[in-house]
Structure formats: structure tokens, C-alpha cells
Amino acid sequence: MNFASARLFSYNGTTIKHDLSAMSSLQWLDALEETGSFQFTIPVEYVPNITIGDIVKIAYGDASDDYVFAGVVENLSLQLIGSGSDGIARTWQVSGRGATAILVDALVLSVGGANPNVRTFTSTNAGAIMK
């Protein structure tokens, strides 16, 4: 049994693209009240179509759906290992921040008023904030 397992999802977080069981050097930091981060290495032949913006979900144990961390692929680099008659192995170096990093680019639109840069909420309903 592996200590941790991971799966790669499309940017919407619901469509599984790949199981990442062939990964190595997995590290993640789940910091309290912070975004956190992750990184791992995986051979290209196991995950040929990983892209920036994909979501990585990490769980304890083998292939669990009980995820303990989720992150956004933000850095992706192709590494060539070996040379000569042995051939060249291609691996992805993958890293990024925790999934809350998506909120950094969230837009908050003003609702008008005297100062369009200030939003005020007079309703006690939570839904009013989302309008």
C-alpha cells in the first residue's frame, strides 16, 4: 500500500483524466489558512496530456476518493533523463499551489451606488452577497 495516491482531473475538478500511480517524489504542503503547494514527477507515457490548470487531488492510501489535498497545475516542465544507447526517458516535473489559488483571480463586480469600488450589503441573507 502506498502512503499517498493522486488523480489528475480536468480544470472543472469532476472529470478524471488520469490516475497518477506512476508518480514519484510527491510532496505537498497543506498549510493552515494558506494556499499550500504540491510537486511531483511522472513519466510522460503515463500522462501525455497534462496541462496548466488541471486539478491534482491527493489522498492517503491507494486510489481513495477521500481526498486530503487538491491543487492546480501551474508549473509544468519536461525533463529528459539519460542519453546514448539507453535512450532518453521523458518525465514531467509538475507543481502548483493549492486549489484555493483559483480564487486569486476571482472577480468581484460592483453593484453601482455612489462609489462603484465599494460594495455594501444591507440584506442579512447570505445569498445577497453572491448577487
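Residues in the sequence shown are numbered consecutively from 1, following the numbering used here.
Note that the Cβ used here is the ideal one computed from N, Cα and C, for glycine as well.
The model shown is predicted, which means the values in this text are computed figures rather than measured ones.
From this set, GLY96, VAL44 and ILE81, which residue's C-alpha is nearest ILE52's C-alpha?
Of GLY96, VAL44 and ILE81, the residue nearest in Cα terms is GLY96.
Leaving out the 5 sequence neighbours to the left and right, which residues in its chain are closer than 7 Å to ILE102 when beta-carbon positions are compared?
Answer for ILE102: VAL72, listed in chain order.
Look at the alpha carbon of THR41 and the alpha carbon of LEU76, and state the distance between them as a whole number of angstroms.
THR41 and LEU76: Cα-Cα distance of roughly 10 Å.
Find the nearest neighbour of GLY36 within the set VAL56, VAL47 and SER24, judged by alpha-carbon distance.
Per the Cα distances, VAL56.
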